[in-house]
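Engineer:
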Amino acid sequence: MDFSLGTIMTNQDNSTSEAAKAPDVADEQLVTLALKDDRYYEIIVERYEPKLRRYILRFIHCSEADAQDIIQDVFINAYRNLNGFDTDLKFSSWLYRIAHNEAVSHLRRMSARPTVIMEDETFDALASELNTEIEVGNKLEGIKLRTVIGRLDEKYRDVIVLRYLEEKSYDEISDILRKPSGSVSSLITRAKRILLKELKKENITS
Amino acid sequence: MSETSKKIIEEIHERNVKHRPKWYFLIKNISVWALLIAAIFLGALTMSIEESVLEKGIGVHGFFSSEFFLLLFRGISLLWLLCAVLFVVFAFLNLRLTKEGYRYRAWWIGLGILLLIVTLGLLLGHEGVGDRIESAAEHASWYHAYSDH
Chain A
4 MDFSLGTIMT NQDNSTSEAA KAPDVADEQL VTLALKDDRY YEIIVERYEP KLRRYILRFI
64 HCSEADAQDI IQDVFINAYR NLNGFDTDLK FSSWLYRIAH NEAVSHLRRM SARPTVIMED
124 ETFDALASEL NTEIEVGNKL EGIKLRTVIG RLDEKYRDVI VLRYLEEKSY DEISDILRKP
184 SGSVSSLITR AKRILLKELK KENITS
Chain B
3 MSETSKKIIE EIHERNVKHR PKWYFLIKNI SVWALLIAAI FLGALTMSIE ESVLEKGIGV
63 HGFFSSEFFL LLFRGISLLW LLCAVLFVVF AFLNLRLTKE GYRYRAWWIG LGILLLIVTL
123 GLLLGHEGVG DRIESAAEHA SWYHAYSDH
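Residue numbers (this note's numbering), protein chains in the order written: chain A, 4 to 209; chain B, 3 to 151.
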């Protein structure tokens, strides 16, 4: 079978391929199909590339070009290790774990520098939780919150990004970071405490 | 398909990336478990030898003596203790590498492994395994050079 890109693009022939494109086809099913036919891997790439790029940009401050390189390594790594996908995990957790590891490797290679979260981010969930905790009526200012999150230590920033921006559950974060759920919960609590302290320093909260 | 996705797929084909075979992951998984079991077993063996050394050093009466801790301190073999600690650490690291290993708190894993090794070590000691190994080691010249009792 010819797997060249042109052929694949023009030859989305059978109905199973079309069916796999549908959002209701489970990732795990796609993985099984991708192991036999590369075309299904394209659907996985298409499905996760924007999500992972957003996650990487949120987690580490890098250029679009760097993010592109990281993403490429993530998908190549995932493709190489597809047979090792642990079916006890959600496929997205497995892929995010690879992305996390690649991003951390990239971070180690680069000199440490503060992260700036993208401006179009919304922090409604986190802001409302912090507001509830400190019982203030005023809304936290998004920009300041972004800056403070950017200054957080890597381990705290990562859980905050995964929890409040990627909207992952504690169990999913535990699978992505390979940490016990209890530790994830402690990290999030500590991260929020540090955030509150920093926000108070910046006079954002009353 | 987006440009980035296209590039990724092209790169996979250009580099001729292949799926690692299933047996690669199977062997990797089995190796981790085999090393873990080996570390626990060897840890238990060293623990049983340590118990045998201590029993000789302290003696039956020493256990009820007021100088028990002094006798324990003097009788303990640092060589076997060090070996036991190394096997505990090795088993701990291997357990963390298993698929499910990260789900448990580090200190629970450490405590569990320590308890398992000590219990198995005492059982092996009770069966006289530690005695036999210690007696066999006594014949080796290196043993006296490194043994401190």
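Positions of the beta carbon are idealized from the N, C-alpha and C atoms, including for glycine.
1. Taking only beta-carbon positions, decide if B:S68 is within less than 8 Å of chain A.
2. Is the Cβ of B:V34 closer than 8 Å to any Cβ of chain A?
3. In three-state terms, what does DSSP make of B:A142?
4. Under three-state DSSP, which class holds A:M113?
5. To the nearest whole angstrom, what separates the beta carbons of B:A82 and B:I51, a pair I think is in contact under 8 Å?
6. Distance check for A:V107 and A:Y58, CA to CA, integer angstroms please.
7. Between which two residues does the alpha helix (DSSP H) harbouring A:P53 extend?
8. Hey, could you find the ends of the alpha helix (DSSP H) A:N80 is sitting in?
9. Are the segment 99-109 of chain B and the segment 181-189 of chain A touching, with three or more C-beta to C-beta distances below 8 Å?
10. B:I10 versus chain A: which residues are under 8 Å apart at the beta carbon?
11. With distances taken from CA atoms, which of B:W109, B:T6 and B:T121 is nearest A:I74?
12. Quick one: Cα of B:I115 to Cα of B:K20, how far?
13. By the 8 Å beta-carbon criterion, what residues does the segment 13-27 of chain B contribute toward chain A?
14. What's the C-alpha gap between A:E170 and B:A93?
Structural biologist: So, from the data block:
1. No - not a single Cβ of chain A is within 8 Å of the one on B:S68.
2. Against chain A, the CB of B:V34 has no partner CB under 8 Å away; the residue lies outside that interface.
3. Annotated three-state conformation of B:A142 is coil, per DSSP.
4. DSSP, read as helix, strand or coil, puts A:M113 in coil.
5. The question names Ala, but residue 82 of chain B in the sequence shown is Trp. With 8 Å as the limit, B:W82 and B:I51 qualify as a contact, their Cβ atoms being about 5 Å apart.
6. The alpha-carbon atoms of A:Y58 and A:V107 are separated by roughly 12 Å.
7. Taken as a continuous stretch (DSSP letters only), the alpha helix (DSSP H) holding A:P53 covers D41 to F62.
8. Segment E67 to R83, the alpha helix (DSSP H) holding A:N80.
9. Verdict: yes, contact present.
10. V48, E52, I74, Q75, F78 and I79, listed in chain order.
11. Taking only the C-alpha atoms, the option nearest A:I74 is B:T6.
12. Going from the Cα of B:I115 to the Cα of B:K20 covers about 38 Å.
13. Per Cβ criterion, the list reads E13, I14, H15, R17, V19, K20, H21, R22, P23, K24, Y26 and F27.
14. Cα to Cα, the separation comes out at about 35 Å.
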